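Peer 1:
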Ligand code: ACO
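In our numbering, the protein residues as written are 290 to 614.
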């Protein structure tokens, strides 16, 4: 059976670090509040030349180098993002040009923080349909461009960055075992971000306040924990993998308390959950591939290890996947 394996990983973070101490000078907050409630100590903020597509392209170059795959061998580029510097063309097309992946078709997926997970799933389906295909899956965001820097309830949470993987048909048992993806659009209002203002006066939203992220934090928290737990349970049952057999969990890095609650419910040892939210905050679709790349480069993954991915984001969208490394 053809399985889609991850051949290489890469990530790219903006140079500028924004610490909690600096945020204390921007809004009424404290390092202690942010650390205790979220686990975040600092995040990266993109500067000149670090647009979403540029971060994505650099992460892609690193993943290609690790995989030993040339850009021209890539047949498909999928980017999970909701913060590309252009609404058209897609971030994936900008990456294609930037890295010279001249033989690839390219598209974005907007599944908010679940974008990378949904992208991996799309890649897996294409690779199963055509086992010669090599796919770049990227999660890339510059949430700093869509953050209300006067709103302390959201501006402390987010950061910028990108991560990428190269996927292709694996040999033997290696590759994605299965996935489960979900959405519930009826809850969109709990976590949302308006697009650029309408130029059609009849379609200007009455409650338009700017293209910022808006969120009902406590509601999001509850749904995120329950939904990710449910997604993980379903994918493990589907693939007949016991929770104890999971070697490493690469979760979406939203908030340390969400991850702690999830860990308790999953029955997976805390040391198996990879966490880097303290360094980068919530980078939305970029968080999982950045975490995966760091875990990989730290030698946390060994051939044959079952690796569990789980995500939750605006939509709501959520899901889980299990990959044999
Ligand atoms: N600094 C200081 N005080 C603050 C801050 C801040 N940055 N933000 C809010 N507060 C205050 C509030 O005004 C409130 O004050 P009050 O009691 O006087 O009214 C108090 O802190 C408590 O506010 P809550 O919203 O109840 O705080 P809570 O414990 O729920 O923590 C948080 C807020 C961190 C946002 C939490 O709800 C959360 O983590 N939610 C999940 C949201 C999330 O991660 N979203 C990311 C996108 S979704 C995803 O990626 C999964």
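All residues carry an ideal CB built from backbone N, CA and C; glycine is no exception. On a predicted model such as this, the values are computed, not experimentally measured, just so you know.
Got a list of residues with beta-carbon closer than 7 Å to any non-hydrogen atom of the ligand ACO, in chain order?
Peer 2: Going along the chain, the residues that qualify are 316, 317, 318, 319, 322, 323, 326, 327, 402, 441, 442, 445, 446, 480, 504, 506, 507, 509, 510, 513, 541, 543, 544, 546, 547, 571, 573, 601, 602, 603.
Peer 1: Who does residue 595 pair with in a DSSP beta bridge?
Peer 2: Its beta-bridge partners are 613.
Peer 1: Once DSSP output is grouped into helix, strand and coil, what is the label at residue 554?
Peer 2: Note: residue 554 maps to helix in three-state DSSP.
Peer 1: Please identify the residue among 386, 539, 491 whose C-alpha is closest to the C-alpha of residue 599.
Peer 2: Out of 386, 539, 491, 539 has the C-alpha closest to the C-alpha of residue 599.
Peer 1: Would you call the stretch 386-395 in contact with the stretch 295-309, where contact means no fewer than 3 C-beta pairs closer than 8 Å?
Peer 2: No, the stretch 386-395 does not touch the stretch 295-309.
Peer 1: Looking at C-alpha atoms only, which residue of 314, 536, 357, 571 is the closest neighbour of residue 601?
Peer 2: Minimum Cα distance to residue 601 is reached at 571.
Peer 1: Starting from residue 581, follow its DSSP beta bridges and name the residues at the other end.
Peer 2: DSSP lists no partner for residue 581.
Peer 1: Three-state secondary structure (DSSP) at residue 488?
Peer 2: Three-state DSSP puts residue 488 in coil, outside helix and strand.
Peer 1: Here's the rule: buried if 16 or more other CB atoms are within 10 angstroms of the residue's CB, otherwise exposed. What is residue 438?
Peer 2: So residue 438 counts as exposed.
Peer 1: Among the candidates 476, 486, 557, 413, whose CA atom is the shortest distance from the CA of residue 466?
Peer 2: If we check each option's Cα against that of residue 466, 413 comes out closest.
Peer 1: I'd like the list of long-range same chain contacts for residue 546, defined as Cβ closer than 8 Å, with 5 residues on each side in sequence excluded.
Peer 2: These residues qualify, in order along the chain: 326, 327, 328, 510.
Peer 1: Return helix, strand or coil for residue 405, following the three-state DSSP convention.
Peer 2: Helix, per DSSP.
Peer 1: Kindly provide the ranges of any beta strand (DSSP E) runs that are 3 or more residues long and lie completely inside the stretch 350-404, ordered along the chain.
Peer 2: Within the stretch 350-404, the complete beta strand (DSSP E) runs of at least 3 residues are 365-369, 394-398.
Peer 1: If you run the structure through DSSP and keep just helix, strand and coil, what is residue 482?
Peer 2: Correct three-state label for residue 482: strand.
Peer 1: Could you tell me whether the stretch 312-323 touches the stretch 346-362, using the rule of 3 or more Cβ pairs below 8 Å?
Peer 2: Not touching, per the Cβ criterion.
Peer 1: Rounded to whole angstroms, how far is the Cβ of residue 425 from the Cβ of residue 455, which I believe are closer than 8 Å?
Peer 2: Correct: roughly 6 Å between the Cβ atoms.
Peer 1: Is residue 545 helix, strand or coil when you go by DSSP?
Peer 2: It is helical.
Peer 1: Can you tell me whether residue 497 is buried or exposed, with buried defined as 16 or more other CB within 10 angstroms of its CB?
Peer 2: Label assigned to residue 497: exposed.
Peer 1: When the Cβ atoms of the stretch 544-564 are set against those of the stretch 504-519, are three or more pairs found closer than 8 Å?
Peer 2: Yes, the stretch 544-564 is in contact with the stretch 504-519.
Peer 1: Inspect the beta-carbon positions of residue 614 and residue 596 and report whether they are closer than 7 Å.
Peer 2: Their beta carbons are under 7 Å apart, which means residue 614 touches residue 596 by this criterion.
Peer 1: Once you ignore the five residues that flank residue 383 on each side, which residues in its own chain have a CB closer than 6 Å to its CB?
Peer 2: Same-chain partners within the cutoff: 342.
Peer 1: Excluding five sequence neighbours on each side, which residues of the same chain lie with their C-beta closer than 8 Å to the C-beta of residue 494?
Peer 2: Taken in chain order, the residues that qualify are 483, 487.
Peer 1: Mark residue 558 as exposed unless 16 or more other C-beta atoms lie within 10 angstroms of its C-beta, in which case mark it buried.
Peer 2: So residue 558 counts as exposed.
Peer 1: Under DSSP, the beta strand (DSSP E) around residue 447 begins and ends at which residues?
Peer 2: No beta strand (DSSP E) holds residue 447; DSSP gives it neither H nor E.
Peer 1: In the structure shown, what three-state DSSP assignment does residue 296 receive?
Peer 2: Residue state, collapsed to three classes: strand.
Peer 1: Suppose only complete runs of 4+ residues qualify. What are the alpha helix (DSSP H) ranges in the stretch 315-341, listed by chain order?
Peer 2: Entirely contained in the stretch 315-341, the alpha helix (DSSP H) runs reaching 4 residues are, in chain order, 320-327.
Peer 1: I'd like to know if residue 417 contacts chain C, where contact means its C-beta is closer than 7 Å to some C-beta of that chain.
Peer 2: Among the protein chains of the structure shown there is no chain C, as only one such chain exists.
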